[in-house]
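Each residue of the sequence shown is one higher than the last, beginning at 74 in my numbering.
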Amino acid sequence: MGALSYLDYNATAPVRPAAARAVARMLEVGGNPSSIHGVGRAARAVLEDAREVVAAQTGGRAQDVIFTSGATEALHRALDAAEGAFGDLLVSSIEHDALWDCGGVRRVIACDPDGRISLDSLEDQLAGAARPLVAVMLANNETGVIQPIQKIAPRVREAGGLLLVDAVQALGRIRVDLQALDASYLVVSSHKVGGPPGAGALVLSPGAPFSISRRGGGQEQGRRPGTENVPMIAGFAAALQENTGSEAGRVEGLRRAFEEGLRARFRGVVVFGAEAQRLPNTCLFAVPGLPAEAALIALDLRGVAMSSGAACSSGKVKSSRVLAAMGVEPSLARCALRASFGWASRDEDVVCALDALGSLRANGLVGAV
Ligand code: PLP
């Protein structure tokens, strides 16, 4: 990563050295895991070891892990897999665009002002739904707010529905356990945990409905045809193995120091979801009068990489659907900046980011609108 202070782990975490080594090794070894010969068998062994690692870190069984190109594909594959087994699709208002934008008729579950999915709204929507498939996230990518899945799951089960959990931002940061979550489908992604982009997984609970919509080469037990991307999958597993869980405390310390620094420097600063349980690494905040788009450019010039609240796939900052769902005033939402920390973050990154933000005020950027 070229930036001096990279605080954008929720977009993509820097690749861990062990992951980069695993990718390079597999690119050198080569081979197709479906081949009978020794090179193929070696690739197969790496693939199956990686499957065990993903299963162990998500509470699933290895045979229920389906490797994909990333979380977006895994989410779509889950929707396809459940085809025929559900009637109504229920989606929370704070889901990632990867799911939100995939079309189709759905009922929307609202969230509260702290960014937690509303159980009242869930119950309202479940009441009128037939064989529902409920898609919710374990932790939100913008606010980091951890969702009450342990309260959502029993309600979905009682309604005879299926639960799809997007655990992309939770993996490696808090415990992720398919069984404890009581989900039928769970989705994770490599590039958020320090693995390379280009790998992800859909993890099924035993017996989860799986309708095969398209056939191909029969890979992944026919559930995801196409040659597996073994180098990236190997990197994904290596990243997960290096993540021992001991990082969370240190990372949370950095986030807390950052938030204390913000409060000390900027009167009126708002930290979104501050009253809710949040991921240890995520801080979505707004300094009223400091527009995010101008701030991001100015921070970048000072060597600090952050994000606005919403992801910007086209390089443009969109207004945040999540903050709108939380009832945040558009004028404040336009000021939302996200700092997200991770395995390589250092104390200096916090100092550097706070100094850079402070210098924006000194340069008159705060209050520019
Ligand atoms: N779900 C969440 C919560 C995310 O944050 C992201 C990526 O930003 C995705 C899904 C999509 O992941 P991928 O880039 O692996 O397709």
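Ideal Cβ placement from N, Cα and C applies to all residues, glycine included.
Under 8 Å between C-beta atoms of residue i and residue j
i	j	result
Met379	Ala349	no
Gly245	Arg351	no
Asp239	Val207	no
Glu293	Ile139	yes
Val344	Glu325	no
Leu327	Phe358	no
Ala232	Ala256	no
Gly133	Leu251	yes
Ile222	Val241	no
Ala312	Arg89	yes
Leu152	Cys175	yes
Arg150	Val164	no
Ala274	Ala147	yes
Gly280	Asn354	no
Val96	Gly299	no
Whole-angstrom distance between residue j and residue i, CA atom to CA atom
i	j	result
Gly427	Val377	It is Leu, not Gly, that sits at residue 427 in the sequence shown. Straight-line Cα distance between these residues: approximately 10 Å.
Gly289	Arg189	40 Å
Ile219	Gly111	45 Å
Ala337	Ala330	10 Å
Thr317	Ser166	32 Å
Cys486	Pro106	Residue 486 is absent from the model: the chain starts at 74 and stops at 442.
Leu277	Leu430	44 Å
Glu115	Glu402	Residue 115 is actually Ala in this sequence, not Glu. Between Ala115 and Glu402, the C-alpha separation is close to 56 Å.
Gln130	Val266	12 Å
Leu369	Arg248	32 Å
Residue i classed as buried or exposed, judged by whether at least 16 other C-beta atoms fall within 10 angstroms
i	result
Val442	At Val442, the pLDDT of 36 sits below 50, so the modelled position is not reliable; the number obtained from the coordinates is stated separately. By the neighbour-count rule (16 or more Cβ atoms within 10 Å), Val442 is not buried but exposed.
Thr145	buried
Leu195	buried
Gln136	exposed
Start-to-end residues for the beta strand (DSSP E) that takes in residue i
i	result
Val178	Counting along the chain, Val178 falls outside any beta strand (DSSP E), and DSSP gives it neither H nor E.
Leu235	Leu235 to Asp239
Phe140	Val138 to Thr141
Ala208	Leu206 to Met210
Leu163	Leu162 to Ser165
Contact test: residue i Cβ vs the ligand SAH heavy atom, cutoff 7 Å
i	result
Asn302	Because the ligand SAH does not appear in the structure shown, any question about it cannot be addressed here, the ligands present being the ligand PLP.
Boundaries (first-last residue) of the alpha helix (DSSP H) holding residue i
i	result
Leu313	Val303 to Glu315
Leu195	Leu192 to Ala200
Checklist entry - Which runs of the alpha helix (DSSP H) spanning at least 4 residues fall entirely within the stretch 330 to 418, listed in chain order? => result 365 to 374, 394 to 398 and 403 to 406
Item to check | Within the stretch 241 to 289, ranges of the beta strand (DSSP E) (whole runs, at least 3 residues) | outcome: 258 to 262 and 273 to 277
Item to check | Inside the stretch 97 to 151 only - beta strand (DSSP E) runs reaching at least 3 residues | outcome: 138 to 141
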